[in-house]
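Protein chains in written order, with the working numbering: chain A, 3 to 115; chain B, 17 to 129.
Ideal Cβ positions, reconstructed from N, Cα and C, are used throughout, including at glycine.
Note that the structure is predicted; figures quoted are calculated from it, not measured.
Data block below; observations after.
Shown next as structure tokens:
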């Protein structure tokens with residue numbers, strides 16, 4: 003039982019390049035989330051998906067797009083990377099309903115030069 | 017909007033010392049409250065939680081009590097170990113809507129032998 007997995011673990015991009023961060027969970031959870039973690043700011047929500055086929059913006063969605071490919075997978079895409087997107091990205095999932103605990107992946111450390 | 021304020025770090029303690037990390041929150045209604053821990057190079061792990069006023073969450077010797085009258089959820093441990101060195105995040109979630117987590121900025125704890 004792997005929980006929440008993320009790929010890649012590390013990535014370096016040049017300004018203007020695009021990439022997709024992958025996230026998958028094997029807990030049959032309904033809800034999935036993408037957060038970014040920046041020094042001194044805690045984690046901030048980028049996008050979330052309450053169920054398969056739905057996505058919604060969080061606090062800091064600009065410059066990102068997401069796809070809920072199926073119940074297991076939730077990807078985050080940077081179409082044209084900017085240095086301000088240098089961060090650590092975490093995916094999380096939650097069962098939904100009355101469950102309130104989110105489970106996190108190990109993170110992707112992204113540097114945009 | 018919702019917010020979480022936690023004790024500024026870093027915090028450095030000697031092994032077997034008593035630990036308190038303060039956390040206060042602002043939210044309407046009755047949020048669930050959490051402490052997550054992030055060990056070096058890893059994602060966030062749930063440490064403990066409380067879902068209603070006066071509930072006490074506990075795990076691995078850590079405790080926190082949901083105090084609605086003071087809007088607080090302070091983390092305590094009676095005798096810390098070197099292995100407790102990590103970053104600790106206080107967070108809340110509403111039990112409706114997108115159910116996103118709102119995080120504090122994190123407190124880095126270092127325990128010296």
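- Taking the Cα of residue 8 of chain A as reference, the smallest distance to any Cα among A:17, A:113, A:92 is reached at A:92.
- Beta-bridge partners assigned by DSSP to residue 95 of chain A: A:34, A:105.
- The straight-line gap separating the alpha-carbon atoms of residue 26 of chain B and residue 42 of chain B is approximately 23 Å.
- Excluding its 5 nearest sequence neighbours in each direction, residue 40 of chain A has C-beta neighbours in its own chain below 7 Å: 89, listed in chain order.
- By the beta-carbon neighbour count (other beta carbons within 10 angstroms, threshold 16), residue 110 of chain A is buried.
- Residues of chain A whose Cβ lies closer than 7 Å to the Cβ of residue 120 of chain B are, in chain order, 44.
- Neighbours of residue 59 of chain B across chain A, judged by C-beta separation under 7 Å: 92, 106, 107, 108, 109.
- If you draw a straight line from the Cα of residue 70 of chain A to the Cα of residue 13 of chain A, it comes to about 22 Å.
- The beta carbon of residue 95 of chain B does not come within 7 Å of any beta carbon belonging to chain A, so the residue lies off that interface.
- When DSSP reads this structure, residue 107 of chain B sits in a beta bridge with B:50, B:119.
- A Cβ-Cβ contact shorter than 7 Å links residue 95 of chain A with residue 27 of chain A.
- Taking CB atoms only, residue 23 of chain A has no neighbour in chain B less than 7 Å away.
- Per DSSP, reduced to three states, the secondary structure at residue 58 of chain A is strand.
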